[in-house]
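**Q** This is the structure, below, for whatever I ask next.
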Amino acid sequence: MVIILTIIALVFTFYAPLYLKKNSININPTKNIFDEFVDNDHGYPWSMNSERKESYKKELTKRRNSA
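Numbers in our numbering are just positions in the sequence shown, counted from 1, shifted up by 26.
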């Protein structure tokens, strides 16, 4: 059991970083749900910042007019 865990630890310590560095060109990061939310966030009616309130109102009227 100890030998198996040691092998796994060595693989993740030495082989995985080398593999990831070698294939870093082929790895494309994806956007997670939080990043999409932040990019599409326009504020809320209860926002303290007036710019976010105005952005929310503009987006709300835009969605009402398009629907």
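Virtual Cβ for every residue (Gly too), placed ideally from N, Cα, C.
1) Any contact between the stretch 79–91 and the stretch 57–71? By contact I mean 3 or more CB pairs, one from each, below 8 angstroms.
2) Is residue 32 helix, strand or coil by DSSP?
3) Which residue comes first and which comes last in the alpha helix (DSSP H) that contains residue 87?
**A** Let me spell this out:
1) yes
2) Indexing the sequence shown from 1 puts residue 32 at position 6. Three-state DSSP puts residue 32 in a helix.
3) In the sequence shown, residue 87 corresponds to position 61, counting from 1. Where residue 87 is concerned, the enclosing alpha helix (DSSP H) stretches over 76–92.
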